[in-house]
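Asks: In our numbering, the protein residues as written are -19 to 352.
Note that beta-carbon positions come from the ideal geometry of N, C-alpha and C, so glycine has one too.
First the structure, which I've put down as structure tokens, then a few questions once you've had a look.
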């Protein structure tokens, strides 16, 4: 199957990642350079088995301590600053960064993928800054001036290429910015060394592909798409197109006021083990959905929370719907309700997916709405 790239939609996507977000925020609040600091954030200083939530770049490089390690694995070195997380501060800094994003793109063209990673679609606004590359550099500067944090940015002709540029090239680039285009797929995308370095391919997927003799992104891109669909269903076909850099997704999908509800789901990049870090992500999701609700001058009467567990477990997670006592569009109230549902049903299993929905919508009458 030959792909005609000239017929594919051409957009200007940025994938923005804050370097070692939690650790960097802790460094800045102490007046330290986040790229030169030796900060480690753990879930609970009191517990030897506490999980490392984040570590500064130099800690990863010199000590090999990164997210997922345990507190007892941290060397007793006075150079290392080990601290508890400050989730409220992280949310505030994240809010500041999101405000900066709004200088470059409309709300519907911004997708907060996680607390430290976001997508921006500059298709409609890139010309205001000269070109997407200049916009990316300006965005980096504004975030650094406002927060003291350093970001890495992948640019691409679609969200997939932007993400792959971030993960495989930007972090090694001189200015921490890299651009992957359709034209450069043979020299960029197809040269990713391992299948597991490719976004969306786990070790399990790599083993299944290996049985078909597919051991590289290049081989996947040049395999028989119909065979992949026959063996793995629609997901196999999707992997084929992704290996060829094809991604039709668009960040802005305006919800119609007459629709049944607003929702947002997120598949996490790793398993999340601790309540405080899970709730940070949940709160971000709720804030975005509630903002969309208010923007359409609507209120809801029902919320729905779905939590998916790690693929390593037999349990799948839980999905709970709850009717509210009164109509609302208040972010804090919705977050409180969601926290209660989570506390009731979560049994401590590692979380990999979160989805939150607002249903039973009606027009908001007699109240002045705030969009922010």
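Which residues in the same chain have their Cβ closer than 7 Å to the Cβ of residue 265, if we skip the five residues on either side of it in sequence?
Replies: Here residue 265 corresponds to residue number 285 of the chain shown, with the count starting at 1. Within the same chain, residue 265 has close Cβ partners 244, 246, 334 and 336.
Asks: Please identify the residue among 139, 132 and 229 whose C-alpha is closest to the C-alpha of residue 149.
Replies: For the purposes of this step, residue 149 is taken as residue 169 along the chain shown, with counting starting at 1. Nearest of 139, 132 and 229 to residue 149, Cα basis: 132.
Asks: Apart from the five residues just before and just after residue 199, which ones in its own chain have a Cβ nearer than 8 Å to its Cβ?
Replies: Taking the chain shown and counting its residues from 1, one reaches residue 199 at position 219. Hits under 8 Å: 193.
Asks: What residue range is occupied by the uninterrupted alpha helix (DSSP H) comprising residue 127?
Replies: Walking along the chain shown from the start, residue 127 turns up at place 147. Start and end: 112 to 127.
Asks: Which word fits residue 312, buried or exposed, when buried means at least 16 other C-beta atoms lie within 10 angstroms of its C-beta?
Replies: In the chain shown, the residue the question calls residue 312 occupies position 332. Its Cβ having fewer than 16 others within 10 Å, residue 312 is exposed.
Asks: Leaving aside the five residues before and after residue 70 along the sequence, list all residues of the same chain whose C-beta is less than 8 Å from its C-beta, in chain order.
Replies: As a first step, residue 70 is located in the chain shown; it is residue number 90 there, counting from the start. Once the five neighbours on either side are set aside, the close Cβ partners of residue 70 are 1, 2, 5, 95 and 260.
Asks: What does the alpha-carbon distance come out to for the pair residue 338 and residue 191?
Replies: One-based indexing of the chain shown puts residue 338 at position 358. One-based indexing of the chain shown puts residue 191 at position 211. For residue 338 and residue 191, the distance between alpha carbons rounds to 43 Å.
Asks: Where residue 130 and residue 91 are concerned, what is the direct C-alpha to C-alpha distance, given to the nearest angstrom?
Replies: For the purposes of this step, residue 130 is taken as residue 150 along the chain shown, with counting starting at 1. For the purposes of this step, residue 91 is taken as residue 111 along the chain shown, with counting starting at 1. Their Cα atoms are separated by approximately 19 Å.
Asks: Closest by CA to residue 141, which one among 253, 13, 281 and 158?
Replies: As a position in the chain shown, residue 141 is number 161, starting the count at 1. Of 253, 13, 281 and 158, the residue nearest in Cα terms is 158.
Asks: Is the number of C-beta pairs between the region 180 to 188 and the region 212 to 227 that are closer than 8 Å three or more?
Replies: Enough Cβ pairs lie closer than 8 Å, so yes.
Asks: Quick one: Cα of residue 288 to Cα of residue 31, how far?
Replies: If you number the chain shown from 1, residue 288 lands on position 308. If you number the chain shown from 1, residue 31 lands on position 51. About 21 Å.
Asks: Decide yes or no for the touch test of the region 112 to 130 against the region 12 to 27: beta carbon pairs closer than 8 Å, at least 3 of them.
Replies: Yes, they touch.
Asks: Is residue 290 near residue 329, with beta carbons less than 8 Å apart?
Replies: For this step, residue 290 is matched to residue 310 along the chain shown. For this step, residue 329 is matched to residue 349 along the chain shown. In this structure, residue 329 lies closer than 8 Å to residue 290 by Cβ.
Asks: Counting only the same chain and skipping the five closest in sequence on each side, list residues whose C-beta sits under 7 Å from that of residue 118.
Replies: Indexing the chain shown from 1 puts residue 118 at position 138. So the list reads 109, once near-sequence residues are dropped.
Asks: Measuring CB atoms only, is the region 95 to 105 touching the region -18 to -4, in the sense that at least three cross pairs come out at less than 8 Å?
Replies: Yes, the region 95 to 105 is in contact with the region -18 to -4.
Asks: Taking the alpha carbon of residue 24 as the reference point, which residue from 65, 212 and 171 has its own alpha carbon closest?
Replies: Here the question's residue 24 lines up with position 44 in the chain shown. The residue with the shortest Cα to Cα distance from residue 24 is 65.
Asks: In three-state terms, what does DSSP make of residue 311?
Replies: Translated into positions along the chain shown, residue 311 becomes position 331. Three-state DSSP puts residue 311 in a helix.
Asks: Along the beta strand (DSSP E) that carries residue 190, what are the first and last residues, could you check?
Replies: Residue mapping note: residue 190 aligns to position 210 of the chain shown, counting from 1. Per DSSP, residue 190 belongs to no beta strand (DSSP E); it is in the alpha helix (DSSP H), 183 to 190.
Asks: Here's the rule I'm using: 16 or more other beta-carbon atoms within 10 Å means buried, otherwise exposed. How should residue 168 be labelled?
Replies: Counting from one through the chain shown, the residue named residue 168 turns up at place 188. Looking at its Cβ environment, which holds 16 or more other Cβ atoms inside 10 Å, residue 168 is buried.
Asks: Looking at residue 189 and residue 175, is the spacing between their C-beta atoms short of 8 Å?
Replies: Taking the chain shown and counting its residues from 1, the one referred to as residue 175 is at position 195. Taking the chain shown and counting its residues from 1, the one referred to as residue 189 is at position 209. The answer is yes: Cβ separation under 8 Å.
Asks: Which word fits residue 332, buried or exposed, when buried means at least 16 other C-beta atoms lie within 10 angstroms of its C-beta?
Replies: The residue given as residue 332 occupies position 352 in the chain shown. Residue 332 is buried by the Cβ-count criterion.
Asks: Taking buried to mean at least 16 other C-beta atoms within 10 Å of its own C-beta, is residue 125 buried or exposed?
Replies: Sequence index remark: in the chain shown, residue 125 carries index 145 (1-based). Counting Cβ neighbours within 10 Å, residue 125 comes out exposed, since fewer than 16 surround it.
Asks: Just to confirm, is the Cβ distance from residue 281 to residue 303 under 8 Å?
Replies: In the chain shown, residue 281 corresponds to position 301, counting from 1. In the chain shown, residue 303 corresponds to position 323, counting from 1. Cβ atoms of residue 281 and residue 303: closer than 8 Å.
Asks: Here's a check: name, in chain order, each residue in its chain whose Cβ is nearer than 6 Å to the Cβ of residue 299, leaving out the five neighbours to either side.
Replies: Residue 299 sits at position 319 when you count from the first residue of the chain shown. Result list for residue 299: 286, in chain order.
Asks: For a quick check, are the C-beta atoms of residue 58 and residue 43 less than 8 Å apart?
Replies: As a first step, residue 58 must be located in the chain shown, where it is residue number 78. As a first step, residue 43 must be located in the chain shown, where it is residue number 63. Result no, Cβ atoms of residue 58 and residue 43 do not sit closer than 8 Å.
Asks: Exposed or buried, which one is residue 138 when buried takes at least 16 other CB atoms within 10 Å?
Replies: Residue 138 sits at position 158 when you count from the first residue of the chain shown. Residue 138 comes out buried.
Asks: Short of 8 Å in beta carbon distance, which residues of its chain neighbour residue 8, apart from the five on each side in sequence? Order them along the chain.
Replies: For this step, residue 8 is matched to residue 28 along the chain shown. Cβ neighbours of residue 8 beyond the five flanking positions: 14, 127, 128 and 129.
Asks: Would you report the Cα separation of residue 103 and residue 60, rounded to the nearest angstrom?
Replies: The residue you call residue 103 lines up with position 123 of the chain shown. The residue you call residue 60 lines up with position 80 of the chain shown. Taking the straight line joining both Cα atoms gives about 43 Å.
Asks: If I measure Cβ to Cβ from residue 257 and keep anything under 7 Å in the same chain, skipping five residues before and after, which residues do I get?
Replies: For the purposes of this step, residue 257 is taken as the residue at position 277 of the chain shown. The answer, listed in chain order, is 33.
Asks: Do you know how far the Cα of residue -12 is from the Cα of residue 73?
Replies: The count along the chain shown starts at 1 and reaches residue 73 at position 93. The count along the chain shown starts at 1 and reaches residue -12 at position 8. Cα to Cα, residue 73 sits roughly 37 Å from residue -12.
Asks: Skipping 5 residues on each side, what residues in its chain have a beta carbon closer than 7 Å to that of residue -16?
Replies: Here residue -16 refers to the residue found at position 4 when the chain shown is read from its first residue. Hits under 7 Å: none found.
Asks: Which first and last residues belong to the alpha helix (DSSP H) in which residue 329 is found?
Replies: Your numbering for residue 329 matches position 349 in the chain shown. No alpha helix (DSSP H) contains residue 329, which DSSP labels as neither H nor E.
Asks: Can you grab the Cα-Cα spacing for the pair residue 89 / residue 52, in whole Å?
Replies: Counted from its first residue, the chain shown places residue 89 at position 109. Counted from its first residue, the chain shown places residue 52 at position 72. Going from the Cα of residue 89 to the Cα of residue 52 covers about 43 Å.
Asks: Could you check how far apart the C-beta atoms of residue 309 and residue 278 are, in whole angstroms? I think they sit under 8 Å.
Replies: In the chain shown, counting from the first residue as 1, residue 309 sits at position 329. In the chain shown, counting from the first residue as 1, residue 278 sits at position 298. With 8 Å as the limit, residue 309 and residue 278 qualify as a contact, their Cβ atoms being about 7 Å apart.
Asks: Given a cut-off of 8 Å on the beta-carbon distance, is the pair residue 85 and residue 101 in contact?
Replies: Indexing the chain shown from 1 puts residue 85 at position 105. Indexing the chain shown from 1 puts residue 101 at position 121. It is a contact, given that the beta carbons lie within the stated cut-off.
Asks: If you check the beta carbons only, do residue 165 and residue 225 fall under 8 Å apart?
Replies: To locate residue 165, count along the chain shown from 1; it is residue 185. To locate residue 225, count along the chain shown from 1; it is residue 245. Closer than 8 Å, so yes.
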